[in-house]
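Input: a single structure, listed below in structure tokens.
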Amino acid sequence: MAKDTDMPLVVFNLNEAGNIKKAIEGQQIGTLIKGSK
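Start counting the sequence shown at 0; every next residue gets the next number (numbering that gives the first Met the number 0).
Structural data, given as structure tokens:
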């Protein structure tokens with residue numbers, strides 16, 4: 000679905016405390032996967 004809509008994804012460790020908050024706040028964590036369109 001993300002590929003079809005060209006939506007970027009952030010892949011990060013959910014087991015590390017605070018990572019969900021960091022992702023929501025837009026901090027750079029994990030790996031950003033962008034579409035090629």
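Ideal Cβ placement from N, Cα and C applies to all residues, glycine included.
Owing to the predicted nature of the structure, the values given are computational and were not obtained by experimental measurement.
{"query": "Beta carbon proximity, residue 13 to chain B, threshold 9 Å", "result": "No chain B is part of this structure, which consists of one protein chain only."}
{"query": "Among 4, 10, 0, the one whose alpha carbon lies nearest that of residue 32", "result": "10"}
{"query": "Residue 18 and residue 29 closer than 9 Å at C-beta", "result": "yes"}
{"query": "Close Cβ partners of residue 21 (< 6 Å) along its chain, the five nearest in sequence each way excluded", "result": "28"}
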